[in-house]
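Visitor:
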Amino acid sequence: MVDRDARTRADLETLLPQEGFRPDCYRLYGGEGIGHCYVIDHVPAGWEVYYTASSSKTALRVFPTEADACADFLDRLRQDPTTRHG
């Protein structure tokens, strides 16, 4: 399910805790090399969304807009049952 209402990282800051996502499972402002988590980051090439593990980016996708990146980021979190409390 892709949520087009989460169009910015600021939107995600509000939405993710409401949906019960664990804060240690994601980073909204970059974070390569910080452990196992999903990351969204604004870089010169666009908006990166990836999973980081062992200081490497896996499943990296680059999007032209923040809205597209946020939708993909949220979709990844929702599909991974280990990202929620409980």
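Numbering (my numbering), first residue to last: 123 to 208.
Yeah, the Cβ is synthetic: ideal placement off N, Cα and C, and Gly gets one too.
Count Cβ pairs between the segment 166-173 and the segment 181-188 that sit closer than 8 angstroms; are there 3 or more?
Guide: The segment 166-173 is in contact with the segment 181-188.
Visitor: Can you tell me whether DSSP reads Glu-141 as helix, strand or coil?
Guide: Note: Glu-141 maps to coil in three-state DSSP.
Visitor: For Arg-149, name the three-state secondary structure that DSSP assigns.
Guide: Reduced to three states, the DSSP call for Arg-149 is strand.
Visitor: Can you round the beta-carbon distance between Ala-189 and Arg-129 to whole angstroms, since I take them to be within the 8 angstroms contact cut?
Guide: That belief holds up - the Cβ atoms of Ala-189 and Arg-129 are roughly 4 angstroms apart, short of 8 angstroms.
Visitor: On the DSSP bridge assignment, give the partners of Gly-68 in chain order.
Guide: As shown, the chain starts at 123 and ends at 208. That puts residue 68 outside it, with no answer to give.
Visitor: Kindly indicate the opening and closing residues of the alpha helix (DSSP H) around Arg-198.
Guide: It spans 188-201 - the alpha helix (DSSP H) in which Arg-198 sits, taken as one unbroken run.
Visitor: Distance, Cα to Cα, Ser-176 vs Gln-201?
Guide: Distance between the alpha carbons of Ser-176 and Gln-201: 21 angstroms.
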